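Chains as they are written, first to last, in UniProt numbering: chain A, 1 to 297; chain B, 1 to 276.
From the three backbone atoms N, C-alpha and C, an ideal C-beta is built for every residue, glycine too.
It should be emphasised that the depicted structure is a prediction, and the values quoted were computed from it without experimental measurement.
First up is the structure itself, then whatever we jot down about it.
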Amino acid sequence: MAQRGRNVAGYVFISPWLIGFLLLTLWPIAQSFYLSFTDYSMLADPVWTGLANYRHMFGDDDSFTKSLKVTFTFVLFSVPLKLFFSLMVAMLLAKNLRGMNVYRTLIYFPSLIGGSIAVSVLWRNMFGADGYINAILAWFGIAGKGWISSPDTALGTLILLNTWQFGSTMVIFLAGLKQVPQELYEAAAVDGAGSFRRFFRITLPMLSPVMFFNLVLGIINSFQMFTAAFVITKGGPVQSTYVYAMFLYEKAFKHFQMGYASALAWVLLAIVAALTAINFLVSRYWVFYEAEGGREG
Amino acid sequence: MTVRRSKWVVHLVLIVFSLLMIYPVIWWLGASLKPLDEMRLPAIWPSKPMWSNYSDGWHFSDQYSFAHFFSNTLLMEVGNVFGSVLTAALVAYGFARLNFKLRGMWFGILLLTMMLPTQVTIIPQYILYNSVGLVNSYVPLVLPHFFGGGAFFIFLIVQFIRGIPRDLDEAATIDGASVYGIFWRVVLPLVKPALVTVAIFTFIWSWDDFFAQILYLSSVEKFTVALALRMFIDQFEIQWGQLLAMSLLSVVPSALMFFFAQKHFVSGIATTGLKG
């Protein structure tokens, strides 16, 4: 077929995505960038205010600083916890044992429904002052409390909920583990390497591309955490779970400060892009790609 | 001998861990039948099951029963799943098999959009839908699925198609099939397992996509199950038994999907390959 025909066919096939991309992604990105320099309430036309939104944000908006702090704390704890936890579970589930499907189902199931508002309802009950978590703690003589209603534990509860939903990260690790050539382990066993050594010398390097993928997406997703904070704690108590996405939501759709909210979105994008870029730069030193013939750090 | 013993240790760890993970869900089953004063007990089964939690919860709102909210959500889901399945394979075939100008650039952009926080586009999108009078309708929720079903799914099927031997395409070309014919008769039947994964994930994710739903649906008449639950939780005095009963019902469709097509689930994600 002539190149021309191939071009046409190619664009015909990708046209659904391309149209959607131009209409619902590219154009909105440009518009949101413009709006971030304006004052816009949707009732009147946007008014150009230059850097006023950004100045306000970094100058005297305490909610901005607070929500940024909360979000960074959330990301800092929940991302490594989830990675560690899902890797450990994936290694257990990668073993060839009878009944493994049953374990996999039981362990994966909470993650399947974990993002839903229903689970937020459940969580709010369990960790409330009258929840059963406190009753269990009482067996061990630990005094319970309203985990969700105290400012110093509310965020921790949400981090725990986030970790409980480790399933999709775990499944990706599991897929990665299945691709590690068994010969490597056999050869290592012949050389007398213990399981500890095998983990650090074989499993971890071979899994590093998958680890990298999970790390990058985990950070990006955690920065956008919304439902649990919105439903379980409503950002409180005393803004201790006032995550960035919730702050942005309220600015945009409760106060209709569309210009300011757009500026917030761009700051979020800048943060996420910077962290992703750093991740990619640092990855040269620890991510191991087979095709490159081994450049392990 | 040590191998056998270590096997049992692994089994034991797995059993304890599985129970720990699933315990809240099992407790939930029992709690949905509990009266308020037993709610704080870790015990699973109530002393006397209160089936009225279900019947009262079902009709918690004076205006509509949960039947209404469920049918709203299912209606939206039909559109979402149909849109994703219809368009994801098309787009993925284009990227995986056809060589056209700027393909590499577009594919790179596609992958980049996976990393784009939704917050960056959500405000202009809202303004756009508002300007054409589509806020408080299902269009903003359903329409995006007709644009390839999302970057993740396109990527997933691209990886899947790359795994199909090209000999099949070439044989069909020799037989005189056009690219459209190859897509329809060779590739589409082979990507069916991946499309099942797309359908299931689309269903579950849009069921749980609370952010989009709360943004675009404002009248109770159009509420989805998730929004109805949120209305329930915001009542003055929370009827925990009823609320937990209805929350539990709300995850039943996703759970059914999961058990129904479990095999597709894990293998479907595994086929993304990640290294490809």
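| Check | Outcome |
| --- | --- |
| Who are D39 (chain A)'s beta bridge partners in DSSP? | A:V47 |
| Show which residues of chain A have a CB atom less than 8 angstroms away from the CB atom of K101 (chain B). | N7 and G10 |
| Would you kindly check if the distance between the Cβ of P110 (chain A) and the Cβ of M246 (chain B) is under 8 angstroms? | no |
| From the DSSP output, in three-state form, read off Y249 (chain A) for me. | helix |
| Counting only Cβ-Cβ distances shorter than 8 angstroms, please list the residues of the region 121-134 of chain B near chain A, keeping chain order. | T121, I122, I123, P124, Q125, Y126, I127, L128 and N130 |
| State whether the region 25-34 of chain A contacts the region 115-122 of chain B, with contact taken as three or more CB pairs (one from each stretch) at a distance under 8 angstroms. | yes |
| Select from A:I148, A:Y34 and A:M211 the residue whose C-alpha is nearest the C-alpha of K82 (chain A). | A:M211 |
| Short of 8 angstroms Cβ to Cβ, which residues in the region 36-58 of chain B face chain A? | M39, R40, L41 and P42 |
| So, do the region 145-162 of chain B and the region 80-94 of chain B have three or more beta carbon pairs nearer to each other than 8 angstroms? | yes |
| How long is the line joining the alpha carbons of F183 (chain B) and A92 (chain B), rounded to whole angstroms? | 10 angstroms |
| Does the distance from the CB of P151 (chain A) to the CB of S240 (chain A) come in under 8 angstroms? | yes |
| What is the DSSP secondary structure of D37 (chain B), counted as helix, strand or coil? | helix |
| Does A226 (chain B) come within less than 8 angstroms of chain A when only Cβ atoms are used? | yes |
| For F140 (chain A), which of helix, strand or coil comes out of DSSP? | coil |
| Please go through the same chain and pick out, in chain order, the residues whose beta-carbon is closer than 6 angstroms to the beta-carbon of A228 (chain A), but skip the five residues on each side of it. | S120, L158 and L161 |
| Beta-carbon separation of L98 (chain B) and G10 (chain A) under 8 angstroms? | yes |
| Are the CB atoms of Q224 (chain A) and A245 (chain A) nearer to each other than 8 angstroms? | yes |
| Do three or more CB pairs link the region 189-203 of chain A to the region 163-176 of chain A at distances below 8 angstroms? | no |
| Considering only the beta carbon of each residue, do F127 (chain A) and I107 (chain A) sit closer than 8 angstroms? | no |
| Which value, in whole angstroms, describes the spacing of the CA atoms of P253 (chain B) and N136 (chain B)? | 24 angstroms |
| Between W17 (chain A) and chain B, is there a C-beta pair that is closer than 8 angstroms? | yes |
| With 7 angstroms as the limit, tell me which residues of the region 88-103 of chain A have their beta carbon closer than that to any beta carbon of chain B; keep them in chain order. | L92, K95, L97 and Y103 |
| A94 (chain A) by DSSP, collapsed to three states: which one? | coil |
| So with Cβ pairs under 8 angstroms, would you call M206 (chain A) a contact of chain B? | no |
| Go through its chain and collect everything with a Cβ distance to L174 (chain A)'s Cβ below 8 angstroms, but skip five positions before and after it. | A90, L93 and A94 |
| Under 8 angstroms between the Cβ atoms of S36 (chain A) and A263 (chain A)? | yes |
| Mind checking the region 4-30 of chain B against chain A and listing, in chain order, the residues whose C-beta falls within less than 9 angstroms of any C-beta there? | K7, V10, H11, V13, L14, I15, F17, S18, L19, M21, I22, P24, V25, W27 and W28 |
| Is DSSP giving W45 (chain B) helix, strand or coil here? | coil |
| Once the 5 residues before and after V142 (chain B) are set aside, which same chain residues still bring their CB inside 7 angstroms of it? | M76, G79, N80 and G83 |
| Compare the Cα-Cα distances from I164 (chain B) to each of B:S65, B:A96, B:W240 and B:I238 and report the closest residue. | B:A96 |
| Taking the C-alpha atoms as reference points, what is the distance between I127 (chain B) and K178 (chain A)? | 46 angstroms |
| Relative to chain B, which residues along the region 231-264 of chain A have a C-beta separation below 7 angstroms, given in chain order? | V231, A245, L248, A252, F253, M258, A261 and S262 |
| Near P49 (chain B), what residues of its chain come up, given a Cβ to Cβ distance below 6 angstroms and the 5 sequence neighbours on each side ignored? | L33 |
| In chain B, which residues lie with their C-beta within 7 angstroms of the C-beta of G115 (chain A)? | D208 |
| Going straight from the alpha carbon of I15 (chain B) to that of F85 (chain A), what length do you get? | 16 angstroms |
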